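The working numbering puts the first residue of the sequence shown at 238, with every later residue one more than the last.
No residue lacks a Cβ here, since even glycine has one placed at the ideal position from N, Cα and C.
Model, not experiment: these values are computed from the prediction.
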Amino acid sequence: MSGAGDGEGEGRGPGTRVVGAGRRPEWTQRIVNPPVWRASTILYDSVAQLRETGARDTHHRLFYGRRGTPTQWSLADALTALEPGAEGTLLYPSGVAAISTALLAVLSPGDELLLVDSAYDPTRLLADGLLKRFGITTRYYDPTIGAGIADLIGPNTKAIFMESPGSLTFEVQDVPAIVAAAKARDVVTLLDNTWATPLLFPAIERGVDYTIMACTKYVVGHSDVMLGSVTAGPGRYEALRHTSYQLGQHVSPDDAYLGARGLRTMAVRLDRHGESALAIARWLAEQPGVARVLHPALPGTPGHEIFLRDFVGPAGLFSFVLDGGDDAARIALIDGLELFGIGYSWGGFESLAVPIDPQRCRSATQWEAEGPAVRLQIGLEDVDDLIADLDAGLARFRGARG
Ligand SMILES: *Cc1c(COP(=O)(O)O)cnc(C)c1O
């Protein structure tokens, strides 16, 4: 027993794995939480030693601050350990930086990207902006396409980007079917796995080449740090590492420390987020004024059967569609909520509610709904209190709708 790192055995449960992962004794010096090692300059004893270090592979060796210290390596190592079969992980200053770097590691001018139509809006902005400017074309595809993706793969298709479930509308993608079609044609697959994390969907084990998280959400868990990660499958790590180094990607050790601290409780937090969200989603589905609830664990959400087949359990972010009413009626619901904050991001301990308008970020499919929609992040408050708050909100909505 080395005293740390032993929790990461693949046969062990998620709680055990997040507690032990990445805590190598040579990095922690046996302090329970790997300390914050701040650095830009690393000093050498001699010019010979400086030259010798520079000539070697600097992976997991102190070289220069931008390449990290044990504080960042420990968190990256922990995220790798949570993805059975993964080769390595790199950290980024945000989820969007993780997405852009992973795509730049894979794509070159002339290549085509297949991007899921339900993707997080900034991912679309990257495809339609920087990637387009660099001569990379994007084709959007229906999130429910499954094995049908094979028909879209052309001679220039280099990569398929997935997000499952989608950020606003929660369609679950058939990741194994898309991965199989991609592998048959030598196409690289990337997945934004922020909603599920590897605890609910171990993406590398399912054959995905690059799995991406906005660690800002569940890994950090306390709404106080921006952080992203990309975990690479077999044979994929070197390309990502070189692109990251060339782009100068770096995460502060203080932020990495907070990410690692959040990670230790991620399994219990996710259990509670998921359990509460499911109870609230089921309650909402029965309420007058609610047309539909879009949580992958509920029947009626596109891909619900795939969710039951592929996911370990539910997470805490979902949407619901109101039955009629206009934006003003939706605002009456949201503005008066006492326990739900109004704001972007999610994955922290506090509940949040935001209006969503998915029709604004779609091109391959159409969003049709019975009324305006609301996205909820269910935090760690007590379910009965959150339901009472939403109950009063729906009464306001029905009153305003008339
Ligand atoms: C928030 C989010 C991101 C981006 O993460 P940031 O850390 O905010 O840059 C990417 N994907 C999904 C699904 C997200 O919810």
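Exercise. Any heavy atom of ligand 1 closer than 6 angstroms to the Cβ of Val333?
Worked result: As a position in the sequence shown, residue 333 is number 96, starting the count at 1. If you check the C-beta of Val333 against ligand 1, you find a heavy atom less than 6 angstroms away.
Problem set entry | Candidates Gly540, Tyr378, Ser355, Thr265, of which the one nearest Glu349 by Cα | Here residue 349 corresponds to residue number 112 of the sequence shown, with the count starting at 1. Selected option, being the one with the closest Cα: Tyr378.
For this session: Leaving aside the five residues before and after Ile373 along the sequence, list all residues of the same chain whose C-beta is less than 7 angstroms from its C-beta, in chain order.
Result: Counting from 1 along the sequence shown, the entry for residue 373 is found at position 136. Excluding its 5 nearest sequence neighbours in each direction, Ile373 has C-beta neighbours in its own chain below 7 angstroms: Leu344, Pro346, Asp348, Leu350, listed in chain order.
Exercise. Which residues in the same chain as Asn393 place their Cβ atom closer than 8 angstroms to its Cβ, once the five residues preceding and following it in sequence are excluded?
Worked result: For the purposes of this step, residue 393 is taken as the residue at position 156 of the sequence shown. Only Gly347, Asp348, Glu349, Thr374 meet the Cβ criterion.
Exercise. Is Met238 helix, strand or coil by DSSP?
Worked result: Against the sequence shown, residue 238 aligns to sequence position 1. With a pLDDT of 32 at Met238, under the threshold of 50, the modelled position of this residue cannot be trusted; read the value that follows with caution. Reduced to three states, the DSSP call for Met238 is coil.
For this session: Determine the closest residue to Ala590 out of Leu627, Asp365, Tyr301, with distance taken between C-alpha atoms.
Result: By 1-based counting over the sequence shown, the position of residue 590 is 353. Residue Leu627 is the option with its Cα nearest to Ala590.
For this session: Can you have a look at Gln266 and say buried or exposed, based on whether 16 or more other CB atoms are within 10 angstroms of its CB?
Result: Reading the sequence shown from its first residue, position 29 is the one you call residue 266. Gln266 comes out exposed.
Exercise. Exposed or buried, Phe371, counting other C-beta atoms within 10 Å across all chains shown (16 or more means buried)?
Worked result: The count along the sequence shown starts at 1 and reaches residue 371 at position 134. Counting Cβ neighbours within 10 Å, Phe371 comes out exposed, since fewer than 16 surround it.
Exercise. Helix, strand or coil for Thr468 per DSSP?
Worked result: Numbered from its first residue, the sequence shown carries residue 468 at position 231. Residue state, collapsed to three classes: strand.
Exercise. Applying the criterion that 16 or more other CB atoms from any shown protein chain within 10 Å of the CB defines a buried residue, is Ile579 buried or exposed?
Worked result: In the sequence shown, counting from the first residue as 1, residue 579 sits at position 342. Ile579 should be labelled exposed.
Exercise. Just to confirm, does Thr308 get its C-beta within under 6 angstroms of one of the non-hydrogen atoms of ligand 1?
Worked result: Here residue 308 refers to the residue found at position 71 of the sequence shown. No; taking the cut-off as 6 angstroms, the Cβ of Thr308 has no heavy atom of ligand 1 nearer than that.
For this session: Determine the extent of the alpha helix (DSSP H) in which Gln178 is found, giving its start and end residues.
Result: As shown, the chain starts at 238 and ends at 639. That puts residue 178 outside it, with no answer to give.
Exercise. Taking 6 angstroms as the cut-off, does the CB of Tyr329 come closer than this to any heavy atom belonging to ligand 1?
Worked result: Within the sequence shown, numbered from 1, the residue matching residue 329 stands at position 92. Not under cutoff, so the answer is no.
Exercise. Using a Cβ-Cβ cut-off of 6 angstroms (strictly less than) and excluding sequence neighbours within five positions of Ala313, which residues of its own chain qualify?
Worked result: Locating residue 313 in the sequence shown gives position 76, where the first residue counts as 1. The residues are Thr326, Leu328.
Problem set entry | Through-space distance from Ala569 to Pro592, alpha-carbon basis | As a working mapping, residue 592 is identified with position 355 in the sequence shown. As a working mapping, residue 569 is identified with position 332 in the sequence shown. Spanning the two alpha carbons is a distance of roughly 11 angstroms.
For this session: Name the two residues that bound the continuous beta strand (DSSP E) containing Gln614.
Result: The sequence position of residue 614 within the sequence shown is 377, counting from 1. Segment 610-614, the beta strand (DSSP E) holding Gln614.
Exercise. Using a threshold of 6 angstroms, is the CB atom of Tyr357 nearer than that to any non-hydrogen atom of ligand 1?
Worked result: Residue numbering aside, residue 357 sits at position 120 when the sequence shown is read from its first letter. The answer is yes for Tyr357.
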